[in-house]
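Enquirer: Below is one structure. I have some questions about it.
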Amino acid sequence: MDTSKTILHNTIMVVDDDSVTRMTLCKMLQGEKYNVIEATSGETALEQLEKQKPDLILMDVLMPGINGFEACQRIRDKYTYNEVPVIMLTGLNDVSSVDDAFDAGANDFITKPINWPLLIKRVRYALRDRQIQLAMEQNEARLNQAQQIAKLAYWQLDKPTQKMLFSDTFYQQFPSKKISLNSFNDYLMLTHPEDRTYVQNKFTEHLIHNKPMEFDHRFQVDHKTYVFHLNIEASNDQNGGASPIQGIVQNITQQRNAEALLEFQKNHDDITGLSNKRHLHSQLQEIINNHTEDKQLIAIMAIGFNRFDEIHHSIDNHSMDILFRCIAQRLKGINSDNILGRYNTDTFICIQKNIDRIDMIEQVVENIQSRLKQAFMIEGQEIFLDSQVGISIFPMEDDSADALITNSIIALNSAKQEIHESICFHSQSMNTRARKFRDIESQIRKAIDENRLELFYQPQIDIHSRQLVGAEALIRLKLSDNNWMSPIDFIPVAEETGLIIPVGYWIIDSACQQIKHWLDSGMHKLRVGINLSAKQFGDRELVNKIDQCVAKYNLPSECIDLEITESIALQNIDQTIDSLQIFRQRGYTISMDDFGTGYSSLSSLHLLPIDMLKIDRAFIKDIGPGGENGTMAKTIINMAHNLGLSVIAEGAEEEHHITFLRHNGCNEVQGFYYSRPLPAKEFYDYYTSYIAKTGEPLQNENLAGNQ
Ligand code: C2E
Ligand code: MG
Ligand code: MG
Numbered sequence: 004m005d006t007s008k009t010i011l012h013n014t015i016m017v018v019d020d021d022s023v024t025r026m027t028l029c030k031m032l033q034g035e036k037y038n039v040i041e042a043t044s045g046e047t048a049l050e051q052l053e054k055q056k057p058d059l060i061l062m063d064v065l066m067p068g069i070n071g072f073e074a075c076q077r078i079r080d081k082y083t084y085n086e087v088p089v090i091m092l093t094g095l096n097d098v099s100s101v102d103d104a105f106d107a108g109a110n111d112f113i114t115k116p117i118n119w120p121l122l123i124k125r126v127r128y129a130l131r132d133r134q135i136q137l138a139m140e141q142n143e144a145r146l147n148q149a150q151q152i153a154k155l156a157y158w159q160l161d162k163p164t165q166k167m168l169f170s171d172t173f174y175q176q177f178p179s180k181k182i183s184l185n186s187f188n189d190y191l192m193l194t195h196p197e198d199r200t201y202v203q204n205k206f207t208e209h210l211i212h213n214k215p216m217e218f219d220h221r222f223q224v225d226h227k228t229y230v231f232h233l234n235i236e237a238s239n240d241q242n243g244g245a246s247p248i249q250g251i252v253q254n255i256t257q258q259r260n261a262e263a264l265l266e267f268q269k270n271h272d273d274i275t276g277l278s279n280k281r282h283l284h285s286q287l288q289e290i291i292n293n294h295t296e297d298k299q300l301i302a303i304m305a306i307g308f309n310r311f312d313e314i315h316h317s318i319d320n321h322s323m324d325i326l327f328r329c330i331a332q333r334l335k336g337i338n339s340d341n342i343l344g345r346y347n348t349d350t351f352i353c354i355q356k357n358i359d360r361i362d363m364i365e366q367v368v369e370n371i372q373s374r375l376k377q378a379f380m381i382e383g384q385e386i387f388l389d390s391q392v393g394i395s396i397f398p399m400e401d402d403s404a405d406a407l408i409t410n411s412i413i414a415l416n417s418a419k420q421e422i423h424e425s426i427c428f429h430s431q432s433m434n435t436r437a438r439k440f441r442d443i444e445s446q447i448r449k450a451i452d453e454n455r456l457e458l459f460y461q462p463q464i465d466i467h468s469r470q471l472v473g474a475e476a477l478i479r480l481k482l483s484d485n486n487w488m489s490p491i492d493f494i495p496v497a498e499e500t501g502l503i504i505p506v507g508y509w510i511i512d513s514a515c516q517q518i519k520h521w522l523d524s525g526m527h528k529l530r531v532g533i534n535l536s537a538k539q540f541g542d543r544e545l546v547n548k549i550d551q552c553v554a555k556y557n558l559p560s561e562c563i564d565l566e567i568t569e570s571i572a573l574q575n576i577d578q579t580i581d582s583l584q585i586f587r588q589r590g591y592t593i594s595m596d597d598f599g600t601g602y603s604s605l606s607s608l609h610l611l612p613i614d615m616l617k618i619d620r621a622f623i624k625d626i627g628p629g630g631e632n633g634t635m636a637k638t639i640i641n642m643a644h645n646l647g648l649s650v651i652a653e654g655a656e657e658e659h660h661i662t663f664l665r666h667n668g669c670n671e672v673q674g675f676y677y678s679r680p681l682p683a684k685e686f687y688d689y690y691t692s693y694i695a696k697t698g699e700p701l702q703n704e705n706l707a708g709n710q
């Protein structure tokens, strides 16, 4: 730094009551090109100081009034050593005055009588020193300010004691003045709980490898979360590992918030806040890439509106934006897991994952449409929207996000323009299925309301005694044209829509009422098989409902046989075992229906508390007159007997089926050979004529049949 120029223009105040000394000093200094201010006493010096701040003061100690020490003291109260340096003029060898001068805040002293050449040098060096100090102070202040602006702080950690030091700028990050950190543990305690282990691991890693590190973590002070960028320097440790660890920490919260905001704006529609087209694509692609559960579907639903142009003409742009925001709000209420986006002005996209069954998609669409149907109040005006939804499904249709979104838009356009339906799948087969499904669902609902459900009964015959020992109750739905709909068509729909629960209760009640009626009419105790579907079997109320019906009609419990299939039983085997045990404790028997069509059946069968196996029709229908293709049936019969179970064969249509089954030890048979399923009244007639042919049956205690 070049100090010579500045020194030339420096101003020096000379304070001395002795006019000779004062004038000599002034002359000398002026001769050296300094500006000089004179003061004749301590008081005048202080007064002058108010008006003009010199670069240096030369002050005599002994003065009337305020002496030099006191004046110096007062100057120090206001100004630092570098702002206004003071050189005291003390008596020669007056050691105590020298001490007093320094105590009062003098920078230096010069003894009287004055050695003039030395004085000039002392003055020059004092001024130069001051200049350097001021420059350093200024630098430090600038650095501090830069650090404050950059929110940068320095830290140091002493390894053995774990004591931690921070520069002032660290504390300046927090509004609270109370924060004080003394140890690494203190630092960790304020680190966000989810980031603590991470921070600790980073420090441990540094200790092991002495590598420089940089990482971000969250910090919490007074419930406010900050993001810190922490840097750990590699230590050039020649101290046997004892040197402290040090580094810098920078508060990057604002930067992060700004980045997050930018990122959000880049990916979202600014009116609704929903994902924009580009972001929707990448979100969907990510879901597809992470999709592992084969059975689960992802539905991409494009939502559009009829007559949108008309609405647009009737309200201004501002109201239109409010309407879009309201639509987004309603869509958000459907399911927090959905991904929602605005595809273009009036087309929204809803992506739903983890769908187990197709009908669930229809339920979501119904929910979307019923929400959007309700009036929107926009600036005092009521607006009604009529929404259409176009749907594409992963993995059925494609595995690229682009194609799936495009397909949903194509389906939406076809809903709007071609088929004028409120919902349209991209895949034609899905459309047909969906239409058929909706049709059957409404048939079931109508049939319930109009009492068009009926139970048919199919006889079950003991193949050895030839006695009629039981019947299976099979539901039928009478259509408006008096035809019957097969349960194969409507039970799955009832199951998917949940209608199976009320329908199931109706079946149980009707079957029990029928048994009661038959018993009252003199029929012997028959075992009546009631089919249970998966949803019914999972219904906690089921056992109570059966108990209530059995009690209501005062039936012997062994009249009730509950049929479940392998797939139902094996869904949750432990729960199945518990439920079956409860049923059996009540005295109901359990049959395993359609046996042989599932795979895991053989291994788990012995675990299940059941009474009877029903061999599926598939193993009976192909048995030839000479017993061809009967191996499976034979194997199942033997296996069931080994497990102590009784066996009933379904679907016996031919006499040679009966012969084969009898010959191979099957216990009972049910099939068209004896009778098709019959309406209750016809079943009663069948029973009476059967009895007339075969005679009164023996009443078995165990209606589940004997091996
Ligand atoms: P499932 O329980 O295995 O019922 C046996 C089916 O085989 C009945 O069909 C019956 O009519 C048919 N069948 C009996 N013998 C023969 C035969 O010799 N030849 C042929 N070709 N078929 C025969 P259905 O009544 O159409 O019932 C079909 C399925 O619908 C039932 O299979 C059962 O899974 C379900 N289902 C029927 N009624 C009910 C019910 O009340 N509740 C529940 N949850 N499901 C039911
Ligand atoms: Mg059955
Ligand atoms: Mg069956």
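Per the working numbering, residue 4 is the first one in the sequence shown, and the count goes up by one each step. Using N, Cα and C, we set each Cβ at its ideal position, and we do this for glycine too.
1) Indicate whether R328 and T295 have their beta-carbon atoms separated by less than 8 Å.
2) Which same chain residues, not among the five before or five after L68, have their C-beta less than 7 Å away from its C-beta?
3) For I378, which of L265, I358, I330, N338 has the nearest alpha-carbon?
4) Can you tell me whether DSSP reads Q470 as helix, strand or coil?
5) Just checking L455 against ligand 1 - is the residue's beta carbon closer than 7 Å to any of the ligand's heavy atoms?
6) Whole angstroms are fine: how far does the CA of N347 sit from the CA of M192?
7) Less than 7 Å between the CB of E475 and some heavy atom of ligand 2, yes or no?
8) Along the chain, where does the alpha helix (DSSP H) containing R436 start, and where does it finish?
9) Taking the straight line between their C-alpha atoms, what separation do you get for Q578 and I651?
10) What are the boundary residues of the beta strand (DSSP E) that L583 is part of?
11) Just to check my reading of the structure: A418 and S425 have Cβ atoms closer than 8 Å, yes? What is that Cβ distance to the nearest angstrom?
12) Determine the DSSP secondary structure at H220, reduced to helix, strand or coil.
13) Does the contact criterion of 3 or more C-beta pairs under 8 Å hold for the stretch 300-311 versus the stretch 381-401?
14) Hey, which unbroken runs of the beta strand (DSSP E) at 3 residues or more fall wholly within the stretch 61-108?
15) Could you tell me whether the stretch 583-594 touches the stretch 545-553, using the rule of 3 or more Cβ pairs below 8 Å?
16) Which residue from N85, E86, C75 puts its Cα closest to that of V101?
17) Run through DSSP, which three-state label would S536 get?
18) Count the other CB atoms, across all protein chains shown, that sit within 10 Å of the CB of Q150; report buried if there are 16 or more and exposed otherwise.
19) For the stretch 664-681 against the stretch 635-650, do three or more pairs of beta-carbon atoms, one drawn from each stretch, fall closer than 8 Å, so that the two count as touching?
20) By the three-class DSSP mapping on this structure, what secondary structure does T697 have?
21) Rank E266, Y157, I90 by C-alpha distance to the C-alpha of H282 and give the top, closest one.
22) If you reduce the DSSP assignment to three classes, tell me which class Q517 lands in.
23) Any heavy atom of ligand 2 within a distance shorter than 7 Å of the CB on D405?
24) Is the stretch 681-695 touching the stretch 494-508 in the sense that three or more CB pairs, one from each, lie closer than 8 Å?
25) Using a Cβ-based criterion (distance less than 7 Å to any ligand heavy atom), does Q431 qualify as near ligand 1?
26) Grouping DSSP H, G and I as helix and E and B as strand, with all else coil, what is D564?
27) With respect to the beta strand (DSSP E) encompassing M615, which residues constitute its N-terminal and C-terminal limits?
28) Given this structure, state the Cα-to-Cα distance separating T207 from N370, to the nearest angstrom.
29) Which word fits E704, buried or exposed, when buried means at least 16 other C-beta atoms lie within 10 angstroms of its C-beta?
30) May I ask you to report which of helix, strand or coil DSSP gives C329?
31) Exposed or buried, what is T83 when buried is set at 16 or more other beta-carbons lying within 10 Å of its beta-carbon?
32) Cβ of I291 within 8 Å of Cβ of E382?
33) Say the cut is 7 Å; is the CB of N632 nearer than that to a heavy atom of ligand 2?
34) Which runs of the alpha helix (DSSP H) spanning at least 4 residues fall entirely within the stretch 24-64, listed in chain order?
35) Alpha carbon to alpha carbon, how far is I533 from D312?
Expert: Considering the structure as presented:
1) no
2) The sequence given here places Gly at residue 68; Leu does not occur at that position. Excluding sequence neighbours, G68 sits near S44, G45, E46.
3) A small correction: the amino acid at residue 378 is Ala; Ile does not occupy that position in the sequence shown. When only C-alpha atoms are compared, the closest one is I330.
4) coil
5) Per the sequence shown, residue 455 should be read as Arg rather than Leu. For ligand 1, not one heavy atom lies less than 7 Å from the Cβ of R455.
6) 48 Å
7) yes
8) 431-452
9) 25 Å
10) Careful: L583 lies outside any beta strand (DSSP E), inside the alpha helix (DSSP H) at 576-588.
11) 7 Å
12) strand
13) yes
14) 89-94
15) yes
16) C75
17) coil
18) buried
19) yes
20) helix
21) E266
22) helix
23) no
24) no
25) no
26) strand
27) 615-618
28) 53 Å
29) Because E704 carries a pLDDT of 39, less than 50, the predicted location of this residue cannot be relied on, and the following value inherits that uncertainty. Counting Cβ neighbours within 10 Å, E704 comes out exposed, since fewer than 16 surround it.
30) helix
31) exposed
32) no
33) no
34) 45-54
35) 56 Å
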